[in-house]
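Here is the structure we will look at.
Protein chains in written order, with this note's numbering: chain U, 88 to 364; chain F, 832 to 997.
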């Protein structure tokens, strides 16, 4: 291993230890200033959104890039923010809704490999941001307990101008996806909400979903609603109060005979609003 | 002779009835005087839904002429019907009203002007004030029988009298 390689490895480890922390411990979200808007004609409505990771629902803590935010328009076209900003604790992007209908704001989906191993004499795990086989070539002699995982996460929200539509729901058929059955513009307090979880385009059961109302910093209990998808991929829950919610879905799947990773971990973070009755 | 006159009047009135279809379903809505805090005239919607929550007819929509931006704040009305057709909303909306008593009526038709069936319905009154509060009131009724009721005042509404004579 030459100096350059060592440096690359060391710096990748450093970054990863921060990043892995983000991936595992922090919730992430896109939080628009409004979810449901009204405006006449072609006037349009500006939406500004926070893009952050944090441990308390909607208390921003760490920024994560808003440059690669994608906007799926009510016609199903992909657009990008008109401007974005990255601050010390959050990122922000702006986008103007000009067509009536429902938009999906999403963080670009990327599949990333992470691996970890231990070295003799230390219980501490060493993380890398590369797949298992690449990690293997970089590991010091005597390293053991090598494990690799493929992480795929979606961070998304829906914003509607005037009459809602469903074009932006269209799944890609890749990894885990959330398909709204109850339209996000029709999620109402004390009314049942229904979503469908699909994996590679098909209904998937046992996706674990946690739904938390904003404001955890100001209450003693998280009051999470915990549900998991049934064999039709369906989850149902009833938001107890009007307000903003963060949904976190996770689905793990073992990857057999895969040299790059032992498992695949899918996560979805969906921000939504439950309206007043 | 007096009898005859009244009979004639009644006949005259009857013959005029289909033309000036005086509704048998009436609502008297009072917007109260509010003196505390900043006062803006409230955004108000009054409408009928069937017993499955489907919109039947908007009886009143009082908002600012250029106020589409705020229509979403009449939350239930906006969700149930307002957001579906901007042009239609433009056509039915009228200016916000000051405090006072207002008479509204329902001609027992839906938005397509077709007479509705004698079933169960709900009337909704949603009043929202900028820098103020929001109240939504509802009353379930059947068109199969006469009724008369008064909804109690709330922060944003005075007494609301609803009456139906078959």
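Note that the Cβ used here is the ideal one computed from N, Cα and C, for glycine as well. Since we're looking at a predicted model, the values are computed, not measured.
### Task
Please state whether DSSP places residue 302/U in a helix, a strand or coil.
For residue 302/U, the three-state secondary structure derived from DSSP is coil.
### Query
Between which two residues does the alpha helix (DSSP H) containing residue 902/F stretch?
Where residue 902/F is concerned, the enclosing alpha helix (DSSP H) stretches over 899 to 902.
### Task
Can you tell me the Cβ-Cβ gap for residue 327/U and residue 276/U, rounded? I've got them flagged as a contact below 8 Å.
The C-beta distance from residue 327/U to residue 276/U rounds to 7 Å, short enough to meet the 8 Å contact threshold.
### Positions along the segment 121 to 133 of chain U whose CB lies within less than 7 Å of some CB in chain F
Of all residues in the segment 121 to 133 of chain U, only 123, 124, 125, 126 and 127 come within less than 7 Å of chain F when Cβ atoms are compared, listed by chain position.
### Query
Do you know how far the Cα of residue 873/F is from the Cα of residue 187/U?
The straight-line gap from Cα to Cα measures roughly 26 Å.
### Task
Closer than 8 Å by beta-carbon distance: list the chain F residues that pair up with residue 77/U, in chain order.
Since the first residue shown for chain U is 88 and the last is 364, residue 77/U is missing from the structure and cannot be characterised.
### Query
Among all the DSSP beta bridges, which residues are the ones paired with residue 349/U?
In DSSP, residue 349/U forms no bridge with anything.
### Message
Looking at the strands, I want to know which residues DSSP matches up with residue 214/U.
### Response
When DSSP reads this structure, residue 214/U sits in a beta bridge with 203/U.
### Task
Would you mind reading off the limits of the alpha helix (DSSP H) that contains residue 907/F?
Its alpha helix (DSSP H) spans residues 906 to 911.
### Message
Going by DSSP in three states, residue 255/U sits in which element: helix, strand or coil?
### Response
In the structure shown, residue 255/U adopts helical secondary structure according to DSSP, grouped into three states.
### Query
Over what stretch of residues does the beta strand (DSSP E) that includes residue 178/U continue unbroken?
Looking at the DSSP string, the run of the beta strand (DSSP E) that includes residue 178/U is 178 to 184.
### Message
Do residue 237/U and residue 355/U have their beta-carbon atoms positioned less than 8 Å apart in this structure?
### Response
Taking 8 Å as the Cβ cut-off, residue 355/U and residue 237/U do not qualify as a contacting pair.
### Task
Taking residue 151/U and residue 176/U to be in contact with their CB atoms under 8 Å, please state how far apart those CB atoms are, rounded to whole angstroms.
Not confirmed; about 11 Å, so no contact.
### Task
Could you list which residues in chain U have their beta carbon closer than 9 Å to that of residue 889/F, in chain order?
Those within 9 Å of residue 889/F in chain U number zero; the least Cβ separation is about 15 Å.
### Message
Short of 6 Å in beta carbon distance, which residues of its chain neighbour residue 857/F, apart from the five on each side in sequence? Order them along the chain.
### Response
Counting only Cβ-Cβ distances below 6 Å, and skipping sequence neighbours, we find 936 and 994.
### Query
Is the segment 916 to 928 of chain F in contact with the segment 968 to 982 of chain F, if contact means three or more CB pairs nearer than 8 Å?
Touching, no, given that fewer than three Cβ pairs across the two stretches are closer than 8 Å.
### Proximal residues to residue 93/U (C-beta, below 7 Å), its chain only, five neighbours per side dropped
Model confidence at residue 93/U stands at a pLDDT of 49, short of 50, so the residue's coordinates are unreliable and nothing is read from them.
### Query
Whose C-beta lies closer than 6 Å to the C-beta of residue 316/U among residues of the same chain, with five residues either side of it excluded?
Same-chain partners within the cutoff: 284, 292, 294 and 322.
### Query
In terms of alpha-carbon separation, which member of 312/U, 159/U and 232/U lies closest to residue 204/U?
For the set 312/U, 159/U and 232/U, the Cα lying nearest the Cα of residue 204/U is the one of 232/U.
### Query
chain U partners of residue 915/F, CB-CB under 7 Å?
Near residue 915/F (Cβ distances below 7 Å), the residues of chain U are 250.
#### Entry: chain F contact residues for residue 273/U, given Cβ-Cβ distances below 9 Å
Near residue 273/U (Cβ distances below 9 Å), the residues of chain F are 910.
### Query
Quick one: what does DSSP say residue 329/U is sitting in, helix, strand or coil?
Three-state DSSP puts residue 329/U in coil, outside helix and strand.
### Message
Using a 10 Å radius around the Cβ and a threshold of 16 neighbouring Cβ atoms, would you call residue 878/F buried or exposed?
### Response
Buried, because 16 or more other Cβ atoms sit within 10 Å of the Cβ of residue 878/F.
#### Entry: Contact under 8 Å by Cβ, residue 263/U with residue 336/U
Going by beta carbons, residue 263/U and residue 336/U fall inside the 8 Å limit.
#### Entry: Exposure label - residue 218/U; buried when at least 16 CB within 10 Å
Result: buried.
### With 16 other Cβ atoms within 10 Å as the buried cut-off, status of residue 906/F
Label assigned to residue 906/F: buried.
### Query
If you drop the 5 nearest sequence neighbours on each side, which residues of the same chain put their C-beta closer than 8 Å to that of residue 108/U?
With a pLDDT of only 37 at residue 108/U, under 50, the local geometry of the prediction cannot be trusted, and the value read off the model is given with reservation. If the five residues before and after residue 108/U are omitted, its C-beta is found closer than 8 Å to no C-beta atom of its own chain.
### Task
Would you mind sorting residue 869/F into buried or exposed? The rule is 16 or more other CB atoms within 10 Å of its CB.
The residue in question, residue 869/F, is exposed, as its Cβ has fewer than 16 Cβ neighbours within 10 Å.
### Query
Taking just the CA atoms, how far does residue 282/U sit from residue 193/U?
Whole-angstrom Cα-Cα distance: 17 Å.
### Query
Can you give, in chain order, each stretch of the beta strand (DSSP E) that sits fully within the segment 905 to 968 of chain F and has at least 3 residues?
Runs of the beta strand (DSSP E) inside the segment 905 to 968 of chain F: 931 to 937 and 951 to 959.
### Task
Would you decide whether residue 114/U is buried or exposed? Buried here means 16 or more other CB atoms lie within 10 Å of its CB.
Classification for residue 114/U: buried.
### Query
Can a CB atom of chain U be found closer than 8 Å to the CB of residue 903/F?
Answer yes: the Cβ-Cβ gap between residue 903/F and chain U drops below 8 Å somewhere.
### Query
For the candidate residues 962/F, 924/F, 929/F and 884/F, whose alpha-carbon lies nearest to that of residue 955/F?
Taking each of 962/F, 924/F, 929/F and 884/F in turn and checking the Cα distance to residue 955/F, the smallest one comes out for 884/F.
### residue 220/U, DSSP secondary structure in three states
In the structure shown, residue 220/U sits in a helix (DSSP, three-state: H, G or I).
### Message
Tell me which residues share the same chain as residue 123/U and place their Cβ nearer than 6 Å to its Cβ, disregarding the 5 neighbours each side in the sequence.
### Response
Cβ-Cβ distances below 6 Å link residue 123/U to 247 and 272 in the same chain, with the five nearest sequence neighbours on each side left out; the list follows chain order.
### Task
Pull up the distance between the alpha-carbon of residue 182/U and that of residue 888/F, whole angstroms please.
Each residue's Cα considered, the two are about 35 Å apart.
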